[in-house]
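Novice: First the structure, which I've put down as structure tokens, then a few questions once you've had a look.
Numbering (my numbering), first residue to last: 48 to 303.
This is how it looks when you write it as structure tokens:
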């Protein structure tokens, strides 16, 4: 998964699981010396395998999900868990945090996506830690946005820099741009023939990315990768695929 969101589809998960057992902890490696034995930090506390995660823009807070479907918030600087959120009723398959760090969203195995305000967390205090130790099942979260988005697992999510816009991807090969304020689909992007494994957002200016951007003041590109062996570039303002990158003979599981 990339730092701000997205997770492999269920089919991709099976391919990854074939030779890799996920541990119940999270490690951040040093880019200069990517040695798994000497990580920058290790976050421990999940009782089951960690399946997806997302990080705030400044990298100070990390949101993780395990197979128990219980979201946890961590302070990366101290390595402390600062809050455990109520468990989700269905298996969570994707997670994302908004660009302004105000909201977080999840997608689940049933194709539902939901969004909540992200708790404001400072350096862990006695009050914060005490609150995190309460039974999360005793607390209820009221979603700001929720919709049945896909026929099958919602495999990847990504917020746009513009407030109130969210992209979701599914095992049904669909890519959708949502208005989280209206709860409606703004664009349905069609082109993949297999489940979509991930999405990445990039805001660009015209004149260097693709000729189709000429004349636009700015454009927001989404890059998606799929079980069909391709990854695609989409211009979200127009709802069109601007480029397709083909050549893989197997599913594309990650793009960076």
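Note that the Cβ used here is the ideal one computed from N, Cα and C, for glycine as well.
These figures come from a predicted structure and were not determined experimentally.
#1: Between which two residues does the beta strand (DSSP E) carrying residue 204 extend?
#2: Sorted by chain position, which residues of the same chain lie with C-beta nearer than 7 Å to residue 230's C-beta, five sequence neighbours on each side aside?
#3: What does residue 290 pair with, by DSSP beta-bridge criteria?
#4: Taking DSSP as the reference, what is the three-state secondary structure of residue 133?
#5: Around the C-beta of residue 189, are 16 or more other C-beta atoms found within 10 angstroms, so that it is buried, or is it exposed?
#6: Report buried or exposed for residue 105, applying the criterion of at least 16 other Cβ atoms within 10 angstroms of its Cβ.
#7: Going by DSSP, name the residue or residues bridged to residue 215.
#8: Closest to residue 239 by CA distance: which of 100, 222 and 125 is it?
#9: Using the DSSP secondary-structure output, state which residues sit across from residue 335 in a beta bridge.
#10: Verify whether the separation of the beta carbon atoms of residue 291 and residue 277 is less than 8 Å.
Specialist: From the atom records:
#1: Your numbering for residue 204 matches position 157 in the chain shown. Here the beta strand (DSSP E) through residue 204 covers 201-206.
#2: Numbered from its first residue, the chain shown carries residue 230 at position 183. Counting only Cβ-Cβ distances below 7 Å, and skipping sequence neighbours, we find 192 and 194.
#3: As a position in the chain shown, residue 290 is number 243, starting the count at 1. Per DSSP, 280.
#4: Residue 133 sits at position 86 when you count from the first residue of the chain shown. Correct three-state label for residue 133: coil.
#5: For the purposes of this step, residue 189 is identified with residue 142 of the chain shown, where counting begins at 1. Burial state of residue 189 is exposed, judged by a 10 Å Cβ sphere holding fewer than 16 other Cβ atoms.
#6: Within the chain shown, the letter at position 58 stands for residue 105. Result: exposed.
#7: Along the chain shown, read from residue 1 onward, the residue named residue 215 stands at position 168. Paired residue(s): 204 and 223.
#8: Translated into positions along the chain shown, residue 239 becomes position 192. Nearest option by C-alpha distance: 222.
#9: Shown here, the chain extends from 48 to 303; a query on residue 335 therefore has no answer.
#10: On the chain shown, residue 291 is found 244 positions in, with the first residue counted as 1. On the chain shown, residue 277 is found 230 positions in, with the first residue counted as 1. Cβ atoms of residue 291 and residue 277: closer than 8 Å.
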